[in-house]
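Residue 1 is where the sequence shown starts when you use the UniProt record's numbering, and the numbers rise one by one after that.
Ideal Cβ placement from N, Cα and C applies to all residues, glycine included.
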Amino acid sequence: DAIATMPPTRMRLSVLHAVCGARIIDDSYNVSPSSMAAALDVLSRMPTRGRRIAILGEIGELGQEEKRLHGYVGAYVAAKPIDLVVFVGRDAAREMAEAAKTMGLSEDAIELVESVEDVMKIIPPILKDTDTVLVKASRAAGLDAFVRGVVA
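In structure tokens, the structure reads:
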């Protein structure tokens, strides 16, 4: 019973609301390939009247598996009912975007940007009150700044 009454942990699948009313799923604390897939599953199963948008940062500390595992994430995204995916970063983000495109995700549904500042230029102007947005990254990506910038 005590566990059921505990408040949710910040930046770990926390559901918040943007100033415009859009639902924000903030999972910007940490990331691994499996946690990225799990968060995408949450987004794809969550009922929404609007668009499903995923903002995904690069996964660090993967070593020699970096390219393959980022490709896996990109392919996984392509198999989900997600309307827009913003990949944030450089080489690994590009790997995710290319894999998503190769697996059939429309180019119109993919944005590739380098920074949280780029995300702030793209996403807030297009958000609608019916949208649901997943923010999944490690703290190093700085996407928690995006969440703070759009949440009321």
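Query: When you compare each of Phe146, Arg51 and Asp91 to Val85 by their alpha carbons, which one comes out closest?; Result: Arg51
Query: On the CB-based measure, 16 or more other CB atoms within 10 Å of its CB, does Met46 come out buried or exposed?; Result: exposed
Query: When we look at the beta-carbon of Val15 and count the other beta-carbons within 10 Å, is it buried (16 or more) or exposed?; Result: exposed
Query: With Gly57 as the anchor, note down where its beta strand (DSSP E) starts and where it stops.; Result: Arg52 to Gly57
Query: Helix, strand or coil for Asp131? Go by DSSP, reduced to three states.; Result: coil
Query: Hey, Asp83 and Ile123: beta-carbon distance below 8 Å or not?; Result: no
Query: Report the option in Pro33, Thr130, Val119 and Asp131 whose CA atom is closest to the CA atom of His70.; Result: Pro33
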